[in-house]
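S.K.: Dumping the structure here so I can ask a few things about it.
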Amino acid sequence: MDLKKTTAPVNTITYDKRLVEENTGNVYEAITIIAKRANQINSEIKKELIEKLDEFATYNDSLEEIFENKEQIEVSKFYEKLPKPHALAVQEWLEGKIYHRDTTK
Numbered sequence: 635m636d637l638k639k640t641t642a643p644v645n646t647i648t649y650d651k652r653l654v655e656e657n658t659g660n661v662y663e664a665i666t667i668i669a670k671r672a673n674q675i676n677s678e679i680k681k682e683l684i685e686k687l688d689e690f691a692t693y694n695d696s697l698e699e700i701f702e703n704k705e706q707i708e709v710s711k712f713y714e715k716l717p718k719p720h721a722l723a724v725q726e727w728l729e730g731k732i733y734h735r736d737t738t739k
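No gaps in the numbering here: position 18 of the sequence shown is 652 in the working numbering, and each next residue is one more.
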């Protein structure tokens, strides 16, 4: 997933219920699918952020040697400005990028 090219909104917006339930015919089923995808996205972003921040980790026990790292601050700011995982998941759902199947059939 390329987070730099996403078109998901950063702020909260209202979606048309008919658009959300269009693929499944049931709004609750659609929300469940979107929620599962949001959890996956959240895990991916968290893993990526931890990997990037580990590059800046210092393993000193002294509190006096803590200093500000500009690169680390920039990485943190980038991830803070990203849309929330649920917004990314809804955007993927509306664009038809999420594969789902009914296991009861």
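Beta carbons: idealized from backbone N, C-alpha and C, even for Gly.
Would Val-709 pass as a contact of Lys-686 if the rule is Cβ separation under 7 angstroms?
M.R.: yes
S.K.: Please classify Leu-653 as buried or exposed, where buried requires at least 16 neighbouring CB atoms within 10 angstroms.
M.R.: exposed
S.K.: Cα separation between Tyr-662 and Ile-675?
M.R.: 20 angstroms
S.K.: With the cut-off set at 7 angstroms, would you say Ala-672 and Pro-719 are in Cβ contact?
M.R.: In contact: Ala-672 and Pro-719 (Cβ atoms closer than 7 angstroms).
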